[in-house]
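Residue numbering for the sequence shown is 547 to 620, as defined by this note's numbering.
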Amino acid sequence: MEAKESAAFMKELKRKVDEEMNKKEMETILYWKQELEKILAKRHESMGALQVDMQSFLQRMQNRVKVLKSNLTK
């Protein structure tokens, strides 16, 4: 009986963790989608201006990845 309860508890815990991870992933994707939409909504005067904004966007993403990686090693 105890093994069944433990298995049920673990299954429920896994479901909750998966649900929370999916929620966080969706929030993250929506954030970056909105940031990209801001860039696309701008009236860039040249292709160069668009490239600068895109490079800035990519740099922000790379910086965030570095921060997250450094937090994993702590």
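Even for Gly, the Cβ is constructed at its ideal location relative to N, Cα and C.
Exercise for review: Inspect the CB distances between the region 600-612 and the region 581-590 and report whether three or more fall short of 8 Å.
Suggested key: yes
Check your understanding: When DSSP labels each residue in this structure, what does residue 591 get in the three-state scheme?
Key -> coil
Check your understanding: What is the DSSP secondary structure of residue 619, counted as helix, strand or coil?
Key -> coil
Practice item. Taking only the alpha-carbon atoms, compute the straight-line gap between residue 590 and residue 598 and give it to the nearest angstrom. Key: 10 Å
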